[in-house]
Every structure is written in structure tokens, then in C-alpha cells.
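Engineer: Protein chains in written order, with our numbering: chain V, 1405 to 1533; chain R, 12 to 259; chain H, 13 to 131. For glycine and all other residues, C-beta sits at the position ideal for the given N, C-alpha and C. Since we're looking at a predicted model, the values are computed, not measured. Shown below is the structure under consideration.
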Amino acid sequence: MSQKIVDRPVNINLFKIRLPMSALISITHRLSGIYVFFITLPLSIILFQKALTESSYDSISLLIQTSSFFSTFVYFSFLIFLYHILTGFRHLLMDIHIGENLKASNMSAIFVISFWLVVSIFILFGIQI
Amino acid sequence: MIEVNIYRYNPETDKFPYMQKFNFEMPDRDIMVLELLNTLKESDPTISYRRSCREGVCGSDGMSINGKNGLACITPVSEVAKGNKLELRPLPGLPVVRDLVVDMTEFYAQYEKIKPFLQNDTPPPNQERLQSPSDRDKLDGLYECILCACCSTSCPSFWWNPDKFVGPAALLQAYRFIADTRDTRTEERLESLSDPFSVYRCHGIMNCVSVCPKGLNPNKAIGEIKSMLLTNKRHEAEIIASDGGGSS
Amino acid sequence: MSGASIWYLQRFSALLNLIYILWLGSFFVFNDITFEVWSVFSSALMFKTLTTLVIASIIIHSIVGLWTVGTDYLTPRTLGFISSRLGSYANHFRLMYQLFFVTLSVTLTLITSFLIWWS
Chain V
1405 MSQKIVDRPV NINLFKIRLP MSALISITHR LSGIYVFFIT LPLSIILFQK ALTESSYDSI
1465 SLLIQTSSFF STFVYFSFLI FLYHILTGFR HLLMDIHIGE NLKASNMSAI FVISFWLVVS
1525 IFILFGIQI
Chain R
12 MIEVNIYRYN PETDKFPYMQ KFNFEMPDRD IMVLELLNTL KESDPTISYR RSCREGVCGS
72 DGMSINGKNG LACITPVSEV AKGNKLELRP LPGLPVVRDL VVDMTEFYAQ YEKIKPFLQN
132 DTPPPNQERL QSPSDRDKLD GLYECILCAC CSTSCPSFWW NPDKFVGPAA LLQAYRFIAD
192 TRDTRTEERL ESLSDPFSVY RCHGIMNCVS VCPKGLNPNK AIGEIKSMLL TNKRHEAEII
252 ASDGGGSS
Chain H
13 MSGASIWYLQ RFSALLNLIY ILWLGSFFVF NDITFEVWSV FSSALMFKTL TTLVIASIII
73 HSIVGLWTVG TDYLTPRTLG FISSRLGSYA NHFRLMYQLF FVTLSVTLTL ITSFLIWWS
């Protein structure tokens, strides 16, 4: 089998394949999961550790307030986490056969992304306040 | 004038595949992509592709048309060549034999694996095994598959594991036999699909549903198989079939 | 393990994690967070127990997810699309990848448990 693959080319150029909404949601769900495990999770553990004593809590709060890089990084990491949760929830609904036809799945895909964008902007302004 | 870009590869002369441009003058009526290919082949006889029935029932001419899998013989050029550009590539993920012809061996292997034939151990009746109209209805949306491979070759899970993940086409057929009230080996069929790869690599990407030229829904069939694997609920069909009859 | 049990593990851990995040999230949303407020909340036995349980649930969920990703991309076939040399090393890469994320998962669990119960 693998001999055949080595001898013959394969059309696997992803840039040349049209991916509908559901497929894009699926791959971004996977990418967000990877990001959450390798970045958001350790970040959360670090923040938890910093929040154990008053002095470290104050210094990390100061960092968030003063460093736009760090605060953006934290905000972004939790946004990606939210994305994984929302697309994961859509996945769970499809597991119990809700939204299994093509039209419904494309609509739920658009809905989840829009909802995520709206909540992200909402949180951004909420933090400013 | 349509600019047609075709994937070319001749194993005897080419080290790598390449894209070849053709300029195609559209006739005064709309035509199917297959007719466009046939006309181009008149001037360049080396262009290779499979085709047979030219009416969307044999499944030979599945290919990637402007990035989406479909049957060339029932895809009107006007529908796909928006902006007067048409790009034809072989079905994704399968080894290319030549130009638009792919090696379907792995696809057929998965089809064979799910035992696409009726299995009934009860003694055969004098004439045929009876099936009520309502039981026959259960096969609608399943029996019509022409094994064109558009769905499986549009599925990323199938691209990465064509030997382990059975794929939408073969899973649809697996369910076709599970749902058939005349088949008695439902438990065996389900057991052979119970490993982590055969069915469970389906993540609901839904490319299969969006490309099927017969309008079938493999994702739904896979959902039914999953339900049966995950719970002990079996359809009435199976309980009735094991009583030796086919009527409900 | 059967496909069904892995499927259930993934969904069950997902639901548990979701409930926990909703609970924790609503705490952050409906309270003015200061060091004092957080200390009181996070030193409660309820918080410590739930969080420890959820860390285990997160790790199980992550391991299943990361295993799935590895068995899709770090294979002779998929890496073979890029180059046949890469494809021949695929199984080794996958094993190394699996050792890495399992070790990382165990480490993160131990660190978090330590932070929760011993500081």
C-alpha cells in the first residue's frame, strides 16, 4: 500500500479543495483544543499559583493592567478557550442528532461563530469598564 | 470562453504532476463538464478520465471540479465556471494513476470490509424473502449509492486513515445492510465496527453530505450506526428479522 | 479500549468540564474579584475537591483529543504526503509526541494538585 503512495502522486493540496462551514468549524475546533491544552491550561495554572499570595496576586494584576502585550495574550487565550467550548457544545448537540442535516449544520456553524465574536467583543468592553 | 485548468500526470513521462491550461469556447447552449472534457480530448487525445453512462448513475466520472467533488456528466459548466474559470483535479487523497484517474483500491477495500451482501442464516423460503413496504422504505436514502467515491474522498478523516476509517460511502452501505430487515447478522456487523477507528473517526465534518451527487446523507447513516454502537437500542427491524420473518 | 468507551469518556469529561467552567465563570462574572474574595472562594473545600476532579477530567479529555490528532497527522501516510523520508519516521514521531503530552499531562496534574492542597 505505502509503495503505491510513494510511486504515485496524490491530489491533497488543501488550498485547492473547497471547505464548507462545517469543515472549517471542525478544524478550528481541533486547533483551538491544541492551543487550550498547551497554552491556556498552563497559563491558568500559573495565574492560579500567582493568586495564592497577596504579593504575587498584586504583581500579576499590575502586569495585566500595565502590559498590553500580556493582557492581550491572556484575553486571547481565554477567547480561544471560549471558541473551543462553543464549537464543542455544537459537537455535543450533533452527537444527540440535533442539527445533523446539512442546512442545519451550516446554520449552527454560522450561529456559533457569530455568537463567539459577539461575546468576545462584549467581554473586551466589559473589561474596559 | 472558459479557461480550463486540468491536472495532468503521465507516470511514463512525468516526474511530477502539473496543471495544464486550455481555452474552451462554450457552444451556444449549456453543457456538462463531461462534454467539455470530451471536446477537449478531441484536440488533445492524451487527456485521461473515466466515464461511462454520462447520466449520473455509474459513478465513473467523479472528480474535483473547482475544488468540490462531483460527477462531471451531471455538473453543468454554467453552474461551476463562475468567473469563466474551471479547474479539474482528480478526487483528493487517492493515488493518481494518470491525469484525472485515481486508484480506487483503498476505497473498494473498505467497501468489501463491511460485507456488502445480505446475510441471512434462516432457511431460504420457496420464493423470495418477504419485506413489507414500510420495511423497504427503510432502505431509501441508502440503496441509491453508486460508489462514485465523491464523499469518501472529500472526507479529511478518510484522507488521513483510508485503511482504518471505513469512510462515508462504505459506512452508508454498512448501515444499508444493518437497516435491511432481511439481514440477520446485525450484531456481527456492529461488532466489526466497534473499534476506535472504523466509525468513530467521523467528527461531523459533513463534506460527504455536501458533495454527494445523489443527495444522500452518509453523516446521518453514521449517526445511526453510532447510536446502535453506543446504546443497546436496536431497531424493530432487527428484532423482527431474528423471528425469521420480514413483515412488520 | 472499544470505540464506544473512548467516545463516552470524551463526552462525559466534556460535560463535566463545561459545568465546572460555567460555575467558575459565573463566579468571576457576578463578583468583584479581589485577592480576599478569591482567597475565600478558592480555599473552600468544595472548590478544592471540584477543581481536583476537573483537572483529572481535563487531562482525560485532552489525552483522548491529542491522541486523535496524533493518529491523524503523525502517520506514514499523512507525513508521507509531505515527503517519504518524513513518512518513514512518522511512527517514531507519534510515539515521542504521545510520551510528551502524557508526561506533560501528568506533570500539570501533579503541580495543580500540589498547588491546591499543599500551599
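(1) Check this for me: beta carbons of C223(R) and C166(R), under 7 Å apart or not?
(2) Looking only at DSSP bridge pairs, what is P87(R) linked to?
(3) Could you give the DSSP three-state label for L102(R): helix, strand or coil?
(4) Threshold first: 4 residues or longer. Then list the alpha helix (DSSP H) segments lying entirely within the segment 152 to 189 of chain R, N to C.
(5) Counting only beta-carbon atoms, is Q1453(V) nearer than 7 Å to chain H?
(6) Starting from the beta carbon of M1498(V), find every residue of chain R whose beta carbon is closer than 7 Å, and list them in chain order.
(7) If we call anything under 7 Å between Cβ atoms a contact, is L1483(V) one with S1524(V)?
(8) Please report the straight-line C-alpha distance between N43(H) and F1519(V), rounded to a whole angstrom.
(9) Give the DSSP bridge partners of V1523(V), in chain order.
(10) In angstroms, rounded to a whole number, what distance separates the CA positions of S221(R) and S51(H)?
(11) Can you tell me the Cα-Cα spacing of L1435(V) and I17(R), whole angstroms?
(12) By a C-beta neighbour count over all protein chains shown, 10 Å radius and 16 as the cutoff for buried, is L129(R) buried or exposed?
(13) Please name the residue in P22(R), R193(R), S75(R), A185(R) whose C-alpha comes closest to that of V44(R).
(14) Going by the beta-carbon positions, is the gap between Y29(R) and R40(R) smaller than 7 Å?
(15) Determine whether the Cβ of G15(H) lies closer than 7 Å to any Cβ atom of chain V.
(16) Identify the contact partners of E1504(V) in chain H, using a Cβ-Cβ distance below 9 Å as the criterion.
(17) Return no unless some Cβ of chain V is closer than 7 Å to the Cβ of F93(H).
(18) Could you list which residues in chain H have their beta carbon closer than 8 Å to that of P207(R), in chain order?
(19) What residue does the alpha helix (DSSP H) around S125(H) start on, and which one ends it?
(20) Along the chain, where does the beta strand (DSSP E) containing M30(R) start, and where does it finish?
(21) Count the other C-beta atoms from every protein chain shown that fall within 10 angstroms of the C-beta of R1494(V), then say buried if there are 16 or more, exposed otherwise.
(22) Looking only at its chain, what residues have a beta carbon closer than 8 Å to the beta carbon of P103(R), apart from the 5 residues adjacent to it on each side?
(23) How about N230(R): is its Cβ closer than 6 Å to a heavy atom in the ligand HEM?
(24) Indicate whether N103(H) and I70(H) have their beta-carbon atoms separated by less than 7 Å.
(25) According to DSSP, is V287(R) part of a helix, a strand, or is it coil?
(26) Closer than 7 Å, Cβ to any Cβ of chain H: which residues of the segment 211 to 244 of chain R, in chain order?
(27) Which of the three DSSP states, helix, strand or coil, is assigned to V107(R)?
(28) Between which two residues does the alpha helix (DSSP H) carrying N218(R) extend?
(29) Could you check what DSSP says for I1416(V) in three-state terms: helix, strand or coil?
(30) Grab the span of the alpha helix (DSSP H) containing G37(H) for me, first residue to last.
(31) Report the residues of the segment 164 to 186 of chain R with a CB closer than 9 Å to any CB of chain H, ordered along the chain.
(32) Answer with yes or no whether the minimum CB distance from S1518(V) to chain H is below 7 Å.
(33) Since N1510(V) contacts P1424(V) with CB under 8 Å, what's their CB separation in whole angstroms?
(34) Given this structure, state the Cα-to-Cα distance separating V1522(V) from V118(H), to the nearest angstrom.
(35) Along chain V, in chain order, which residues have C-beta atoms closer than 9 Å to that of F118(R)?
(36) L240(R) to T63(H), Cα distance in whole Å?
Structural biologist: According to the data block:
(1) no
(2) M43(R).
(3) coil
(4) Qualifying alpha helix (DSSP H) stretches, in chain order: 167 to 171, 179 to 189.
(5) yes
(6) Neighbours of M1498(V) in chain R, taken as residues at a C-beta separation under 7 Å, are given in chain order as G215.
(7) Remark: C-beta atoms of L1483(V) and S1524(V) approach each other more closely than 7 Å.
(8) Between N43(H) and F1519(V), the alpha-carbon positions lie close to 24 Å from each other.
(9) Per DSSP, none; premise fails for V1523(V).
(10) Each residue's CA atom was taken as its position, placing S221(R) and S51(H) some 52 Å apart.
(11) 33 Å
(12) exposed
(13) S75(R)
(14) no
(15) no
(16) What E1504(V) touches in chain H: nothing, since even the nearest Cβ is about 16 Å away.
(17) yes
(18) M13, S14, G15, I18
(19) 96 to 129
(20) 29 to 35
(21) buried
(22) Hits under 8 Å: S75, N80, T164, S165, W170.
(23) As far as ligands go, the structure on display features none, and thus does not contain the ligand HEM.
(24) no
(25) Within the shown structure, residues of chain R are numbered from 12 to 259, placing residue 287(R) beyond reach of any answer.
(26) Y211, L240, L241
(27) In the three-state scheme derived from DSSP, where H, G and I count as helix and E and B as strand, V107(R) is classed as strand.
(28) DSSP places N218(R) in the uninterrupted alpha helix (DSSP H) bounded by 218 to 222.
(29) Reduced to three states, the DSSP call for I1416(V) is coil.
(30) 15 to 42
(31) P167, S168, W170, W171, N172, P173, D174, K175
(32) no
(33) 7 Å
(34) 36 Å
(35) Here the premise fails: no neighbours, minimum Cβ distance about 13 Å.
(36) 32 Å
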